[in-house]
Amino acid sequence: MSAGTATVIDVADIEQINPRNEAALRAWWEVGRDATAHRPGNPWPAWEQSRVALPADNPERAVTLLGAIDGREMVGAAMVLLPTRDNDHLAGSAVHVREDRRREGLGSRLLAEIEVLARGHGRTTLTGEAYLPPGGTVPAEAFARAHGFTVASRESIKELDLADYRARRDDLGVDLPPGYRLVTFDTTCPEEHLASFGVLLGRLFAEIPTGELDLRDSEWTPERLRAAEQRQLAIGRHVLTVLAIAPDGSVAGSSDVRVNDTDTTHGQVGVTIVAPAHRGHRLGLALKLASHDLALATHPGLRAVDTSNAEVNTHMNAVNDVLGYRTLETLLELQKPL
Ligand SMILES: CC(C)(COP(=O)(O)OP(=O)(O)OC[C@H]1O[C@@H](n2cnc3c(N)ncnc32)[C@H](O)[C@@H]1OP(=O)(O)O)[C@@H](O)C(=O)NCCC(=O)NCCS
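Okay, so the sequence shown: first residue is 174 according to the numbering used here, each after it adds one.
Next comes the structure, spelled out in structure tokens:
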């Protein structure tokens, strides 16, 4: 380099990672695991889960993995997720950089590649997430701001200690309104409720407060639901579901807890929703208690369940408070136009 001339050398290459190449996938997974190791709870999936879930075919969304590779080492890992059946204006993103290689521009280069891919598929909105300790911040917040993201929704990530839940369970009883009943199942919805369950799920994005997030409704036909169930089972994930059936036989609400075969000590709340016509009868609480009871009955070794809700979702937050959920982190749902 001659005096006075700045030479920029890009030491790392940004490459697409084939999820079926297990050694490459493992290196990618390790970057994400290490970059999220400071977070409480279970922020990163177990290797056995990622190893099966990431290469699995899923017609609902296309996933591209990117790696920042320096010599023979992976030092950054990113993902772009393109929904294909609905919300095809969106692209989801995640960027992780190894702690000893931050502030070198690697995160920016991975994000730039994500944006090229997303635009190339006609996407007009890019989303991302940042996980903050309550009242604190993390580099991802400043990184996102520097790259033009805004906060579309603030959520709380919460965890329930199931030993605590068991100890308090007898005091948490709630009666179902007259004429309603609960139906439970592991992943595969009984045929008689399938169509009505799909109608309920189709309004999810309209019904669940998601702040300014640019999400749109979708149609859940019986065929689409059945295919989704098969994909969950194929990757060893059980969706332990409770439906509230209204007096007219329609599905009035649902709640589920998901547990992976690879770690039956932790579960995750999936969807909890009560149709507007059936609100105000404490069905939300009844459903949530029943889905947690079902998860515990199916997996007695379950120790904790986590969930996330928008801070503005007062009704769901009140239900979670009653169950005993405690806030672990703040989640910023980030969004930028492309
Ligand atoms: C967020 C993350 C990906 C950033 O990666 P990075 O390679 O360090 O980012 P860059 O070097 O490209 O930073 C670009 C700009 O973002 C901002 N930025 C990044 N980290 C910052 C920090 N710690 N403090 C303040 N600003 C920061 C700066 O404006 C920076 O430009 P500058 O270095 O010229 O000032 C990285 O910190 C990380 O892996 N965090 C943990 C995982 C995570 O939270 N990922 C995001 C959620 S999916």
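From the three backbone atoms N, C-alpha and C, an ideal C-beta is built for every residue, glycine too.
**Study point:** Alpha carbon of ASN482 to alpha carbon of GLY249, nearest angstrom
**Key:** Your numbering for residue 482 matches position 309 in the sequence shown. Your numbering for residue 249 matches position 76 in the sequence shown. If I take the Cα positions, the gap works out to 29 angstroms.
Exercise for review: Identify which residue in ARG276, PRO351, VAL415 and SER329 has its Cα closest to the Cα of LEU367.
Suggested key: The residue given as residue 367 occupies position 194 in the sequence shown. Answer by Cα proximity: VAL415.
Exercise for review: Find out if the Cβ-Cβ distance for the pair LEU290, VAL253 is shorter than 8 angstroms.
Suggested key: To locate residue 290, count along the sequence shown from 1; it is residue 117. To locate residue 253, count along the sequence shown from 1; it is residue 80. A contact, by the Cβ cut-off of 8 angstroms.
Check your understanding: For LEU460 versus SER428, is the C-beta distance shorter than 8 angstroms?
Key -> On the sequence shown, residue 460 is found 287 positions in, with the first residue counted as 1. On the sequence shown, residue 428 is found 255 positions in, with the first residue counted as 1. Using a Cβ distance threshold of 8 angstroms, LEU460 and SER428 count as a contacting pair.
Exercise for review: Rank ALA235, LEU504 and THR471 by C-alpha distance to the C-alpha of THR438 and give the top, closest one.
Suggested key: Along the sequence shown, one-based indexing puts residue 438 at 265. Among ALA235, LEU504 and THR471, the Cα nearest to that of THR438 is on THR471.
**Study point:** LEU504 versus TRP217: straight-line alpha-carbon distance, rounded
**Key:** Residue numbering aside, residue 504 sits at position 331 when the sequence shown is read from its first letter. Residue numbering aside, residue 217 sits at position 44 when the sequence shown is read from its first letter. Cα to Cα, the separation comes out at about 15 angstroms.
Exercise for review: Identify every residue that forms a DSSP beta bridge with ARG499.
Suggested key: As a position in the sequence shown, residue 499 is number 326, starting the count at 1. The partner list for ARG499 (beta bridge, DSSP) reads GLU332.
Review point. With distances taken from each beta carbon to the nearest heavy atom of ligand 1, which residues come in below 5 angstroms, in chain order?
Key: ALA208, ALA267, VAL268, HIS269, VAL270, ARG275, ARG276, GLY278, LEU279, GLY280, SER281, PRO312, ALA313, ALA315, PHE316 and ALA319
Practice item. Go through its chain and collect everything with a Cβ distance to GLY352's Cβ below 8 angstroms, but skip five positions before and after it. Key: The residue labelled residue 352 in the question sits at position 179 within the sequence shown. Excluding positions up to five away in sequence, the list reads ALA419 and PRO420.
Exercise for review: Taking GLU364 as the reference, give the member of ARG341, GLY384, THR394 and GLU380 with the closest Cα.
Suggested key: On the sequence shown, position 191 is the one that residue 364 refers to. Measuring from the Cα of GLU364, the nearest candidate turns out to be THR394.
Exercise for review: Below 7 angstroms CB to CB, which residues in the same chain sit around ALA179 once its five sequence neighbours on both sides are set aside?
Suggested key: The sequence position of residue 179 within the sequence shown is 6, counting from 1. For ALA179, the pLDDT reaches just 46, beneath the cut-off of 50, and the residue's location in the model is therefore unreliable, leaving the point undetermined.
Exercise for review: Would you check if the segment 232-248 and the segment 256-271 touch, i.e. whether three or more CB-CB distances between them fall below 8 angstroms?
Suggested key: Output reads yes: the segment 232-248 touches the segment 256-271.
Point to revise | Member of GLU502, PHE358 and GLY244 whose CA lies at the smallest distance from the CA of SER464 | key: Against the sequence shown, residue 464 aligns to sequence position 291. Per the Cα distances, PHE358.
**Study point:** Unbroken stretches of the beta strand (DSSP E), 3 residues or longer, contained in the segment 217-270
**Key:** 234-243, 246-256 and 263-270
Practice item. Going by CA-CA distance only, name the one from ASP337, GLU385, LEU227 and ARG339 that's closest to ARG327. Key: Sequence index remark: in the sequence shown, residue 327 carries index 154 (1-based). Closest by alpha carbon: GLU385.
Exercise for review: Going by DSSP, name the residue or residues bridged to HIS411.
Suggested key: Numbered from its first residue, the sequence shown carries residue 411 at position 238. Answer is VAL432, bridged to HIS411.
Review point. Under three-state DSSP, which class holds ALA450?
Key: Translated into the one-based positions of the sequence shown, residue 450 becomes position 277. Assigned with DSSP and collapsed to three states, ALA450 falls in helix.
Review point. Out of TRP201, ALA241, GLU302 and GLY293, which has the shortest C-alpha to C-alpha gap to ALA267?
Key: Reading the sequence shown from its first residue, position 94 is the one you call residue 267. When only C-alpha atoms are compared, the closest one is GLU302.
Point to revise | Inter-stretch contact at 8 angstroms, needing at least 3 Cβ pairs: the segment 430-437 / the segment 208-225 | key: yes
Review point. So GLN441 and ASP479 are in contact, right, with Cβ under 8 angstroms, and what is the actual spacing, rounded?
Key: For this step, residue 441 is matched to residue 268 along the sequence shown. For this step, residue 479 is matched to residue 306 along the sequence shown. Right, their Cβ atoms sit about 6 angstroms apart.
Point to revise | Cβ-based neighbour list, ILE330, same chain, cut-off 6 angstroms, excluding 5 preceding and 5 following | key: What you label residue 330 is simply residue 157 of the sequence shown in a count that begins at 1. Same-chain partners within the cutoff: SER481, LEU501, GLU502 and LEU504.
Review point. Do GLY265 and THR237 have their CB atoms nearer than 8 angstroms?
Key: Here residue 265 corresponds to residue number 92 of the sequence shown, with the count starting at 1. Here residue 237 corresponds to residue number 64 of the sequence shown, with the count starting at 1. Going by C-beta atoms, GLY265 is not nearer than 8 angstroms to THR237.
Check your understanding: What do you reckon, are the CB atoms on ARG212 and LEU263 nearer than 8 angstroms?
Key -> Here the question's residue 212 lines up with position 39 in the sequence shown. Here the question's residue 263 lines up with position 90 in the sequence shown. Cβ distance not < 8 angstroms, so ARG212 and LEU263 don't count as in contact.
**Study point:** Own chain partners of ALA448 with C-beta closer than 7 angstroms, once the 5 adjacent residues on each side are dropped
**Key:** As a position in the sequence shown, residue 448 is number 275, starting the count at 1. For ALA448, where only same-chain residues beyond five positions count, the Cβ hits under 7 angstroms are LEU373, ALA425 and GLY426.
Exercise for review: Assign ASN482 to one of three DSSP states: helix, strand, or coil.
Suggested key: Taking the sequence shown and counting its residues from 1, one reaches residue 482 at position 309. Of the three classes helix, strand and coil, the one that applies to ASN482 here is strand, per DSSP.
Review point. If LEU475 sits next to LEU469, beta carbons under 8 angstroms apart, how far is it from one beta carbon to the other, in whole angstroms?
Key: For this step, residue 475 is matched to residue 302 along the sequence shown. For this step, residue 469 is matched to residue 296 along the sequence shown. With 8 angstroms as the limit, LEU475 and LEU469 qualify as a contact, their Cβ atoms being about 6 angstroms apart.
Exercise for review: Let me know the secondary structure DSSP gives GLY205 once reduced to three states.
Suggested key: Position 32 of the sequence shown holds residue 205. GLY205 falls in the helix class under three-state DSSP.
Exercise for review: Report buried or exposed for HIS294, applying the criterion of at least 16 other Cβ atoms within 10 angstroms of its Cβ.
Suggested key: If you number the sequence shown from 1, residue 294 lands on position 121. Exposed, by the Cβ-count rule.
Practice item. Can you give me the Cβ contacts of HIS269 inside the same chain, cut-off strictly under 6 angstroms, excluding the 5 residues immediately before and after it? Key: What you label residue 269 is simply residue 96 of the sequence shown in a count that begins at 1. Residues VAL204, GLY205, ALA208 and ALA250 of the same chain have their beta carbon placed closer than 6 angstroms to that of HIS269, with the five preceding and five following residues left out of the count.
Review point. Identify the residues that DSSP records as bridge partners of HIS439: which are they?
Key: To locate residue 439, count along the sequence shown from 1; it is residue 266. Partner(s): ALA477.
Exercise for review: Would you mind sorting VAL430 into buried or exposed? The rule is 16 or more other CB atoms within 10 Å of its CB.
Suggested key: In the sequence shown, counting from the first residue as 1, residue 430 sits at position 257. The residue is buried, with at least 16 neighbouring Cβ atoms inside 10 Å.
Exercise for review: For GLY301, name the three-state secondary structure that DSSP assigns.
Suggested key: In the sequence shown, residue 301 corresponds to position 128, counting from 1. Of the three classes helix, strand and coil, the one that applies to GLY301 here is strand, per DSSP.
Review point. Can you name the start and end residues of the beta strand (DSSP E) that ASP359 belongs to?
Key: Within the sequence shown, the letter at position 186 stands for residue 359. 354-359 is the span of the beta strand (DSSP E), which, as asked, contains ASP359.
Check your understanding: Buried or exposed: where does PRO192 fall if 16 or more other Cβ atoms within 10 Å of its Cβ makes it buried?
Key -> Here residue 192 refers to the residue found at position 19 when the sequence shown is read from its first residue. Of the other Cβ atoms in all chains shown, 16 or more fall within 10 Å of the Cβ of PRO192; this residue is therefore buried.
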